[in-house]
Amino acid sequence: MKRLVILISFAVFVLMLFASCAEQLTVREREMRRYDRIDPRIVQGMPEAIVKVVEAYNSRDYFTSAIGFYAIMKNDEWDRLHETARYYYAESLFRIGLYQPAEYQLAEILFEGPDSHYFVSALLKLLAVTYETQDERVLFAILSNVDYSALPAKFANELTYYIGKIHFYNGQDDQALQMFSQVKDYSSFYPKSRYFMGVIQVRQEMFAEALKSFTEIREMPDDKYIGGDIAKLKGMAELALGQLYYAAAWAVSRDREREGNPLALFNVSLNYFTNVGRDNEQWFESLFARTWASLMISRFDATLGTVVTLRSPFFTDIYFPEINVVEAVAYYNLCQYDEVNRVIDYFFGIYPGFNERMNSWLEEVSTKTGLDIYRELLTMYRDAQRGDPTPLPESVLRTIVYEPLFQRKYNHIKEIEREFGIIENAPEAFRTSVIAQDISKKMAYQLATLRDEAGRMLVQRVQELNNELGQLIADMGAIRFEMTDSQVRVLEKQEVFGRRAEEEPEEVVEKEMNPSVPDGYYYWPFDGEYWEDELGYYFFQVENICREQ
């Protein structure tokens, strides 16, 4: 019942890490600028058709140059130009904005290995494509099949970081640590490398090392790594440090042979969770983490105050039934059984129905393809936004479609759809060319594959949410059973010792909520109206009547 869902979020936050660091990669960008223009002297004396292709490229008529370079590639008489034409064909596609077709061509060059004259250039351009599509799979496939020593040293930090990620996702923690530790501290990839190292160190129970890694990120100057999104990483590090201390406190409280003071450790974790600012993407996660940490140290005023924040209109669209468990446990520990019943009744008035709707929908789609489910769920989400009734609850739909893994897949899908639009609006010579037919066929296959994968991903996530909700329903049932048993014991005591209520009238204590904020803020009593700058600072004053019983 008192399991902490947030302890699994290390992996979740790693998956949320963004791919792009383009603003910082000035060395790579400078390297690639040499392909902005082809020296016309190179093609002097060559056939006029080749000269015109180069002129089109230099004048930024990339539709024409793409057709021209493709024709050179297919002309057996110009075989000495094939390697160059292949690369500039990919460059032309990239500059048109057709990143998928450019990626297809670059992959062909790269899979031939480092002996190719354009291997390094193609690898750098593939990185640029990856930042546009946010899909690292092709890059990972290339790097997994290349000798590390063959990679260009000038871009070692960037490439080493990605090789580390490959090992990380493959569960090869030792190799991943080795790669991440080689990223230099002046690189924009250094902060993210340190974060991955911290996650691995937690997995390997190297807690002192993890503490050092996350603390280093937390203390980084905001302006040191331009484009590295330090603010986001700092929030992630604060949350990770809180989780680290929470895990240590939980382990000590469960195993008396471990050294440490669990209350002190829970307090430290609470401080880290509180340090995550409201302008950080991890703020909601930190708020939920704070409810558990404060609950563990019996700071029920803080727990219930944070519940007030999470129940505010600012979070009404978020699906998080776990908050009811936290609230019920807090009231149970205060012997406020009427309030426990109120929370449980509220929970059972909503979430078993959610459970039934998810079960019904999962059974209905069990024979459908991922492609069909993808389309169905997006249509369902749009219907829910309009207020129309839908098989799945709107909050569940919002949860699954806004999760980072799906969002990256969805953004990739939208990118391919955008590129189809480029082809449809291209000059007729390109639109009706063999190139357009070939790349459209490949893109159509890739688009169908991505949609199918996205649909199956969504089904799996609904299944996970449904299983988690089933466990929460069981937990709430257990709380009600324990509460009923406690109430019976209280009644038995009252029968033995007499009812205090019969001897003297019980004083009615009015419950109130007050915002408690740091120095520099104003104090205002809560009057039922939520103000955004008060969120996260509520403390709920409620009587602990366990002592009286």
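Going by my numbering, the first residue of the sequence shown is number 34, and it counts up by one from there.
Ideal Cβ placement from N, Cα and C applies to all residues, glycine included.
What you are looking at is a predicted structure, and each value in this text was computed from that prediction instead of being measured.
Check, Outcome
"Sub-8 Å separation of Gln167 and Asn357 beta-carbons", "no"
"Where Asp471 falls: helix, strand or coil (DSSP)", "helix"
"Nearest-angstrom beta carbon gap, Leu266 and Tyr228 [assumed within contact, 8 Å]", "6 Å"
"Ala241, buried or exposed, once every other Cβ within 10 Å from all chains shown has been counted against 16", "exposed"
"Integer Cβ distance of Ala270 from Arg287, believed to fall under 8 Å", "Not a contact, Cβ separation roughly 26 Å."
"Bounding residues of the alpha helix (DSSP H) (the contiguous stretch that carries Asn388)", "370 to 397"
"Ala462 burial status per 10 Å Cβ neighbour count (16 or more: buried)", "exposed"
"Cβ-based neighbour list, Asn108, same chain, cut-off 8 Å, excluding 5 preceding and 5 following", "none"
"Span of the alpha helix (DSSP H) around Ala89", "81 to 91"
"DSSP three-state assignment for Lys401, whether helix, strand or coil", "coil"
"Residue nearest to Ser149 in terms of C-alpha spacing, selected from Phe127, Val162, Ser125, His115", "His115"
"Spatial distance of Leu404 from Val398 (CA atoms)", "11 Å"
"Under the three-state DSSP convention, the category Val235 falls into", "helix"
"Same chain, Cβ closer than 8 Å to Leu298, five either side skipped, listed in chain order", "Tyr278, Tyr279, Ala281, Ala282, Val285"
"Pairwise C-alpha distance: Glu450 and Ala481", "11 Å"
"Secondary structure of Gln205, DSSP reduced to three states", "coil"
"Option nearest Gln234 by Cα separation, candidates Val216, Ala209, Asp256, Asp255", "Ala209"
"Burial state of Asn577, where buried means 16 or more other Cβ atoms lie within 10 Å", "exposed"
"N- and C-terminal bounds of the alpha helix (DSSP H) containing Ser428", "427 to 434"
"Proximity of Ala417 and Glu427 at Cβ, strictly below 8 Å", "yes"
"Identity of the residue in Leu505, Leu395, Asn178 nearest Met490 by Cα", "Leu395"
"Straight-line Cα distance separating Asp255 from Glu124", "35 Å"
"Within 8 Å, strictly: CB atoms of Phe380 and Val429", "no"
"Beta-carbon proximity check, Ala264 vs Asn308, cutoff 8 Å", "no"
"Boundaries of the alpha helix (DSSP H) in which Lys265 is found, first to last residue", "263 to 287"
"With 16 other Cβ atoms within 10 Å as the buried cut-off, status of Met212", "buried"
"Whole-angstrom C-beta distance between Gly101 and Ala89, which should lie under 8 Å", "6 Å"
"Cα-Cα separation, Ile433 to Phe173", "26 Å"
"Close Cβ partners of Val153 (< 6 Å) along its chain, the five nearest in sequence each way excluded", "Pro185"
"Exposure label - Val492; buried when at least 16 CB within 10 Å", "buried"
"Backbone CA spacing between Arg419 and Pro354 [nearest angstrom]", "23 Å"
"Whole-angstrom C-beta distance between Tyr407 and Arg494, which should lie under 8 Å", "With 8 Å as the limit, Arg494 and Tyr407 do not qualify as a contact, their Cβ atoms being about 12 Å apart."
"Tyr258 to Pro224 span [Cα, whole Å]", "8 Å"
"Secondary structure of Gln138, DSSP reduced to three states", "helix"
"Three-state secondary structure (DSSP) of Ile578", "coil"
"4-residue-minimum alpha helix (DSSP H) runs that sit fully inside the stretch 137 to 224, ordered along the chain", "152 to 166, 170 to 177, 189 to 202, 206 to 213"
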